[in-house]
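Since the structure comes first, as structure tokens, the remarks are kept for the end.
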Amino acid sequence: MRLPRRQFEIVQEHALRAYPYECCGLFAGKRQRNHKGEMENVVYEIAPCENVLYEGREKGFEISYSEYLEVEREAFGLGYEIVGSYHSHLDSPAVPSNNDINFATPGHSMLIIALQNREPAAVTCWLRRAEGGFHQEEIRVIEP
Ligand SMILES: [Zn+2]
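The sequence shown begins at 1495 in our numbering and counts up one residue at a time.
Here it is as structure tokens:
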């Protein structure tokens, strides 16, 4: 997936602000073919969302269906679609939990930012392929 530097910074800022709870948000952009001819998610806009998980927001997140639809509608208005999501992990590795795997939508990129002692420690990205499987994918930060 590709992500502009500024949007990448917004994810980090959101993770720090949401501490001691997990932050979450959605990526709006386009699925584009890269120079290798593979489909790739390219992020243009980022929508920080509220973590509405009722209990255990220290180690989980939930984006409400109504907020998802609202972001999706705004994305369509800009000519984009939702291409993924991000959330933070607190003092645990940037590896998807079982809930994360269940949340992952085929074709979407899932970025996880891990904080250790309130400092960004690791960032990973995961892609659920439409044909099945859940794989780590490269994050390419686009410099302005
Ligand atoms: Zn997670």
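We put the CB at the ideal spot given by N, CA and C, even for glycine.
Check                                                                                         : Outcome
Simplified DSSP assignment, three categories, for Glu1568                                     : helix
Rounded C-alpha distance that separates Phe1521 from Glu1568                                  : 12 Å
CB contact flag (Ala1598, Phe1628, <8 Å)                                                      : yes
Test item: CB-CB of His1602 and Glu1516 under 8 Å                                             : no
Buried or exposed by the 16-neighbour rule on C-beta atoms within 10 Å, applied to Ala1541    : buried
Residue list, Cβ distance to ligand 1 heavy atoms smaller than 5 Å                            : Ser1591, Asp1594
Start-to-end residues for the alpha helix (DSSP H) that takes in Ile1595                      : 1592 to 1597
Contact between the segment 1609 to 1629 and the segment 1499 to 1516 (3+ Cβ pairs under 8 Å) : yes
Own chain residues within Cβ distance below 6 Å of Glu1561, not counting five before or after : Cys1543
Beta-carbon gap between Arg1496 and Val1536 smaller than 8 Å                                  : yes
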